[in-house]
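Visitor:
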Amino acid sequence: MRVLMVANLDWYLYNYRLALAEAIRTEGHEVHLLGSEGEYLPRLRRLGFPCHSWKLSRQVSGPWRAVAEMRRLTGVIAKVRPDLVHYFTVKPMLYGALVRRWCRHSYAVVNAPAGLWSAFSAPGLRSRPARSLMRRWYGLACNGPGVENILQNPDDIQELQQWRALRASNFHLIRGSGVSLQRFTATARAPSDAVVVLMATRVNAFKGVREFVAAARYLRERELHVEFVLAGKPDRGLFGAIGEEEIAAWVEKKWIRYLGHREDMREVLQSSDVVVLPSQIREGVPRILIEAAAMGKPLVATDVPGCREIVQEGLTGFLIPPGDALELADRVARLAADAGLRARMGANGRRLVAAEFDESRVVQATLRVYEQAWRQLGDRVRAAAAASA
Numbered sequence: 082m083r084v085l086m087v088a089n090l091d092w093y094l095y096n097y098r099l100a101l102a103e104a105i106r107t108e109g110h111e112v113h114l115l116g117s118e119g120e121y122l123p124r125l126r127r128l129g130f131p132c133h134s135w136k137l138s139r140q141v142s143g144p145w146r147a148v149a150e151m152r153r154l155t156g157v158i159a160k161v162r163p164d165l166v167h168y169f170t171v172k173p174m175l176y177g178a179l180v181r182r183w184c185r186h187s188y189a190v191v192n193a194p195a196g197l198w199s200a201f202s203a204p205g206l207r208s209r210p211a212r213s214l215m216r217r218w219y220g221l222a223c224n225g226p227g228v229e230n231i232l233q234n235p236d237d238i239q240e241l242q243q244w245r246a247l248r249a250s251n252f253h254l255i256r257g258s259g260v261s262l263q264r265f266t267a268t269a270r271a272p273s274d275a276v277v278v279l280m281a282t283r284v285n286a287f288k289g290v291r292e293f294v295a296a297a298r299y300l301r302e303r304e305l306h307v308e309f310v311l312a313g314k315p316d317r318g319l320f321g322a323i324g325e326e327e328i329a330a331w332v333e334k335k336w337i338r339y340l341g342h343r344e345d346m347r348e349v350l351q352s353s354d355v356v357v358l359p360s361q362i363r364e365g366v367p368r369i370l371i372e373a374a375a376m377g378k379p380l381v382a383t384d385v386p387g388c389r390e391i392v393q394e395g396l397t398g399f400l401i402p403p404g405d406a407l408e409l410a411d412r413v414a415r416l417a418a419d420a421g422l423r424a425r426m427g428a429n430g431r432r433l434v435a436a437e438f439d440e441s442r443v444v445q446a447t448l449r450v451y452e453q454a455w456r457q458l459g460d461r462v463r464a465a466a467a468a469s470a
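Residues in the sequence shown are numbered from 82 upward in steps of one, following the numbering used here.
1) Quick one: what's got a C-beta closer than 6 angstroms to R153's C-beta in the same chain, skipping five residues either side?
2) Just checking, does the stretch 142-149 make contact with the stretch 160-169 on the three C-beta pairs under 8 angstroms criterion?
3) Between the alpha carbons of R301 and R338, how many angstroms are there, rounded?
4) Could you name the residues that DSSP lists as bridge partners for P315?
5) Suppose the cutoff is 7 angstroms on Cβ atoms and the five residues either side in sequence are ignored; what does the same chain contact list for R412 look like?
6) For Q242, count the other beta carbons within 10 Å of its own beta carbon; 16 or more makes it buried, fewer makes it exposed. Which is it?
7) For M82, does the three-state DSSP call read helix, strand or coil?
8) Taking 7 angstroms as the threshold (C-beta atoms), are G220 and A195 in contact?
9) Rounded C-beta distance between V356 and I371? I'm assuming under 8 angstroms.
10) Using DSSP with H/G/I as helix, E/B as strand and the rest coil, what is A466?
11) Could you give the distance in angstroms between the alpha-carbon of G116 and the alpha-carbon of A297?
12) From E229, N96, M426 and V84, pick the residue whose C-alpha is nearest to that of H133; which is it?
13) Please report the straight-line C-alpha distance between K378 and D237, rounded to a whole angstrom.
14) Count Cβ pairs between the stretch 341-361 and the stretch 282-295 that sit closer than 8 angstroms; are there 3 or more?
15) Taking the alpha helix (DSSP H) that C223 falls in, what are its first and last residues?
16) Report all residues from its chain with a CB closer than 8 angstroms to the CB of A454; omit the five preceding and five following residues, and keep chain order.
17) At the level of alpha carbons, what is the spacing between N89 and R432?
18) Taking E276 and H306 to be in contact with their CB atoms under 8 angstroms, please state how far apart those CB atoms are, rounded to whole angstroms.
19) Please go through the same chain and pick out, in chain order, the residues whose beta-carbon is closer than 6 angstroms to the beta-carbon of L458, but skip the five residues on each side of it.
20) Would you please state the rounded distance, in angstroms, between the beta carbons of R425 and L416? I believe it to be under 8 angstroms.
21) Could you please give me the residues that DSSP links to Y168 through a beta bridge?
22) Based on the DSSP output, what are the partners of I401 in its beta bridges?
23) Excluding five sequence neighbours on each side, which residues of the same chain lie with their C-beta closer than 7 angstroms to the C-beta of R389?
24) Should V408 be labelled buried (16 or more other beta-carbon atoms within 10 Å of its own) or exposed?
25) Are any of the Cβ atoms in chain B nearer than 7 angstroms to that of S250?
26) Have a look at V284, K335, R270 and R347 and flag the residue whose alpha-carbon is nearest the alpha-carbon of I323.
27) Looking at T383 and N429, is the spacing between their C-beta atoms short of 7 angstroms?
28) Are R124 and Y95 closer than 7 angstroms when you measure CB to CB?
29) For L99, which residues from the same chain have a beta carbon less than 7 angstroms from its beta carbon, with the 5 sequence-adjacent residues on both sides left out?
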């Protein structure tokens, strides 16, 4: 079988789906990758994967740009002639629904939108006609011969069922992309005067970065020994991006320490005591929270779809209302004052990841979805051939 994995960013393929690509290849299948031409496609090529690039805007595209983006996807599919296409994130999935209609050969499809924020809150999609169109487009994308859908949390499944975009038999709940329990191990941090609170994310207002900074300021005014650390780069090209000047002002006022973009996330997590994600948007299941829990870190996150899959209130961390910086500060202060509570929540998180988010489990579950999509497509093709005979 020849598989084409499609994402908007090459970064996503390398950091989140490399284990899946390697497992597909180990099974004896051919794997092609399509993503943006950044620093990660060359790395994937050096690992022996055939790679293709496209320029895909991360915002809502105008009609002419959308046509150009879909033409590129059509060209890659025509060249690769895959047996199965796996779409990651919303925009490639929606484009793929249209492209499949005019491709000249049959292939199975697995959709993995990884959160439905784009369908609910993205600028340009908030009007009633736009939302109605989006529901219809999802219905087109999620159905058809040989189409299976992977959702990361029950909230997204429920929403798509209310839209009548999912059949009872063509969706699968696989929570997140998984993490390696061997790489992200729970080890004690060296003693320090200050409790380190980490937020690692795209630096975007929708991720709750300003609430994180506000909580840091509140606790600084209370003179608690807590250090707030932000890791990630400004999310250029996407609505809600926070500029470098604003970040520099926070650092100058000593509200936060800023690490910028980091590749060594395991080491960054090792140097932290608490990990937070005060996101204001629907998530899939945030990878950073899974990695942190795997390393035995207690979590504080907002009570939104996706976050509540890994943050179990009072067990692995605390859930707070979106936009509530004071509640974030209070929960962080409680964890900072109680090392025993941090240790208990961290141990609970590690057990949860081992049970539900282990990378090998996620990969094997995904491969079973591939088999089901491919088998279903074959059944439909054979039935059509018999009907026309």
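Cβ atoms here follow ideal geometry from the backbone N, Cα and C, with glycine treated the same way.
Guide: Working from what's here:
1) For the purposes of this step, residue 153 is identified with residue 72 of the sequence shown, where counting begins at 1. Counting only residues of its own chain and dropping the five nearest sequence neighbours on each side, R153 has a CB closer than 6 angstroms to the CB of W135.
2) No: fewer than three Cβ pairs fall under 8 angstroms.
3) The residue you call residue 301 lines up with position 220 of the sequence shown. The residue you call residue 338 lines up with position 257 of the sequence shown. Between the C-alpha atoms of R301 and R338 there is a straight-line separation of about 13 angstroms.
4) The residue you call residue 315 lines up with position 234 of the sequence shown. Answer is V284.
5) Counting from 1 along the sequence shown, the entry for residue 412 is found at position 331. A distance below 7 angstroms between beta-carbons, with the five flanking residues on each side excluded, links R412 to the following residues of its chain, in chain order: V381, F399 and I401.
6) On the sequence shown, residue 242 is found 161 positions in, with the first residue counted as 1. The residue in question, Q242, is exposed, as its Cβ has fewer than 16 Cβ neighbours within 10 Å.
7) On the sequence shown, residue 82 is found 1 positions in, with the first residue counted as 1. Coil.
8) If you number the sequence shown from 1, residue 195 lands on position 114. If you number the sequence shown from 1, residue 220 lands on position 139. Not a contact, by the Cβ cut-off of 7 angstroms.
9) Within the sequence shown, residue 356 is the residue found at index 275, counting from 1. Within the sequence shown, residue 371 is the residue found at index 290, counting from 1. Actually they do not touch by this definition, with Cβ atoms about 10 angstroms apart.
10) Taking the sequence shown and counting its residues from 1, one reaches residue 466 at position 385. A caution first: A466 carries a pLDDT of 49, below 50, which makes its placement in the model too unreliable to give a value.
11) The residue labelled residue 116 in the question sits at position 35 within the sequence shown. The residue labelled residue 297 in the question sits at position 216 within the sequence shown. Taken atom to atom, the span from the alpha-carbon of G116 to that of A297 is near 36 angstroms.
12) Walking along the sequence shown from the start, residue 133 turns up at place 52. Taking only the C-alpha atoms, the option nearest H133 is V84.
13) Here residue 378 refers to the residue found at position 297 when the sequence shown is read from its first residue. Here residue 237 refers to the residue found at position 156 when the sequence shown is read from its first residue. Linking K378 to D237 through their CA atoms gives a straight-line distance of about 26 angstroms.
14) Yes, the stretch 341-361 is in contact with the stretch 282-295.
15) Translated into the one-based positions of the sequence shown, residue 223 becomes position 142. Neither: C223 is in no alpha helix (DSSP H) and is coded neither H nor E.
16) On the sequence shown, position 373 is the one that residue 454 refers to. Counting only Cβ-Cβ distances below 8 angstroms, and skipping sequence neighbours, we find L165, A189, V190, V191, G227, V228 and E229.
17) Residue numbering aside, residue 89 sits at position 8 when the sequence shown is read from its first letter. Residue numbering aside, residue 432 sits at position 351 when the sequence shown is read from its first letter. Each residue's alpha carbon lies about 32 angstroms from the other.
18) Position 195 of the sequence shown, counted from the first residue, corresponds to residue 276. Position 225 of the sequence shown, counted from the first residue, corresponds to residue 306. First, the residue type needs correcting, since residue 276 is Val and not Glu in the sequence shown. That pair is a contact at about 7 angstroms.
19) The residue you call residue 458 lines up with position 377 of the sequence shown. The residues A189, P226 and G227, in chain order, have a CB closer than 6 angstroms to that of L458 in the same chain once the five nearest residues on each side in sequence are set aside.
20) Residue mapping note: residue 425 aligns to position 344 of the sequence shown, counting from 1. Residue mapping note: residue 416 aligns to position 335 of the sequence shown, counting from 1. Incorrect: roughly 11 angstroms between the Cβ atoms, too far for contact.
21) For the purposes of this step, residue 168 is identified with residue 87 of the sequence shown, where counting begins at 1. Answer is V87 and N192.
22) By one-based count along the sequence shown, residue 401 stands at place 320. Paired residue(s): T383.
23) Indexing the sequence shown from 1 puts residue 389 at position 308. Excluding the 5 residues flanking it on each side, R389 has same chain C-beta neighbours closer than 7 angstroms at L400, in chain order.
24) Along the sequence shown, read from residue 1 onward, the residue named residue 408 stands at position 327. A small correction: the amino acid at residue 408 is Glu; Val does not occupy that position in the sequence shown. With 16 or more other Cβ atoms within 10 Å, it is buried.
25) Judged by its chain identifiers, the structure shown contains no chain B, having just a single protein chain.
26) Working through the sequence shown from its first residue, we reach residue 323 at position 242. Considering only alpha carbons, the answer is V284.
27) Numbered from 1 along the sequence shown, position 348 holds the residue referred to as residue 429. Numbered from 1 along the sequence shown, position 302 holds the residue referred to as residue 383. Not closer than 7 angstroms, so no.
28) Numbered from its first residue, the sequence shown carries residue 124 at position 43. Numbered from its first residue, the sequence shown carries residue 95 at position 14. Using a Cβ distance threshold of 7 angstroms, R124 and Y95 count as a contacting pair.
29) Here residue 99 refers to the residue found at position 18 of the sequence shown. Beyond the five residues adjoining it in sequence on each side, L99 comes within less than 7 angstroms, by CB distance, of no other residue in the same chain.
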